[in-house]
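Notes follow once the structure below has been shown.
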Amino acid sequence: MYAKACSIMGETVPVLIKGGQIHVHKEVLTSTSDFLKIAMKPKWRTDENRPIDLTEEDAKAVEAYCRWLYSHTIPCHDDILYTTRLLCQLFVLGEKLLDQTLKNAGSPVRRLMVDLYVYNAHSAWLSPHDCASFRGTDFLEELVPALLSARPQPSFEKGRPWVVRPESYREGAFTYGNNVETGSTKST
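In this text, residue positions in the sequence shown follow this note's numbering: the first is 874, and each later residue adds one.
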């Protein structure tokens, strides 16, 4: 899928970030983000010279987002941990800016988020609050089938949990992530 080409002949809009300012063409800035489309309307932007304030967001993520707006590619760094963290922050920024194009299923950021959870996640990554925030999202609908197809079926050599610890199914007796054999929350 190709993105609609935006004009880079028009006016630029200053975007404030921690430690500086980025200038982005207005048409580019409003091309995919519903939040920024609304923020740029005269009703909300009474002073044309006033920058869009994104100082509360991670500066590197905003910079990467602005680069993505022009190229629809995401910059990668030699340090994989840095790149992974940046992509996660970029996904969160896409949520805040209501940018469906950035977060869509085919986007590299979405694929990375799904793959990170499929291949690296363990129960300590998610609190009940985190789980609630994913409820009803496209991300969760992609994650569950990916998890089921990528992860092997658990070994039942030590018994199936509903046979070994049937008491764990009573209300308040058990939380997900607990080890069947020991009752601990450590990953095995």
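Ideal Cβ placement from N, Cα and C applies to all residues, glycine included.
Go to residue i, then tell me how far its beta strand (DSSP E) extends in each direction, as first and last residue.
{"i": "I890", "result": "885-890"}
{"i": "Q1026", "result": "Taken as a continuous stretch (DSSP letters only), Q1026 belongs to no beta strand (DSSP E), as it is neither H nor E."}
{"i": "H896", "result": "893-898"}
Give a single yes or no on whether residue i has its beta carbon closer than 7 Å to a heavy atom of the ligand SAM.
{"i": "W917", "result": "Looking for the ligand SAM in the displayed structure turns up nothing, as the structure carries no ligands at all."}
Return the first residue and the last residue of the alpha helix (DSSP H) that residue i is part of.
{"i": "I953", "result": "953-969"}
{"i": "T946", "result": "T946 -> no alpha helix (DSSP H), and no H or E assigned at all."}
{"i": "K976", "result": "973-976"}
{"i": "P1034", "result": "1034-1037"}
How is residue i classed by DSSP in three states: helix, strand or coil?
{"i": "Y992", "result": "helix"}
{"i": "S904", "result": "coil"}
{"i": "I881", "result": "coil"}
{"i": "D931", "result": "coil"}
{"i": "D920", "result": "coil"}
{"i": "T1058", "result": "In this predicted model, T1058 has a pLDDT of only 45, less than 50, meaning its place in the structure is not dependable; the value taken from the coordinates is given anyway. It is coil, neither helix nor strand."}
{"i": "V1053", "result": "Any reading at V1053 must be qualified, since the residue scores a pLDDT of 46, below 50, and its modelled position is unreliable; the value itself is stated next. Coil at V1053, not helix or strand."}
{"i": "E936", "result": "helix"}
With residue i and residue j assumed to form a contact (beta carbons below 8 Å), what rounded beta-carbon distance in angstroms separates them?
{"i": "L971", "j": "D907", "result": "4 Å"}
{"i": "A848", "j": "I925", "result": "Here the chain comprises residues numbered 874 to 1061, so residue 848 is not present and cannot be evaluated."}
{"i": "T903", "j": "L975", "result": "About 14 Å separates the two Cβ atoms, so there is no contact after all."}
{"i": "K899", "j": "T919", "result": "Not confirmed; about 16 Å, so no contact."}
{"i": "V982", "j": "A1019", "result": "No, V982 and A1019 are not in contact; Cβ-Cβ is about 15 Å, not under 8 Å."}
{"i": "T956", "j": "L989", "result": "In fact, because the Cβ distance is near 11 Å, the residues do not count as touching under 8 Å."}
{"i": "V888", "j": "L927", "result": "6 Å"}
{"i": "C939", "j": "I895", "result": "5 Å"}
{"i": "A932", "j": "K969", "result": "14 Å between Cβ atoms; not a contact."}
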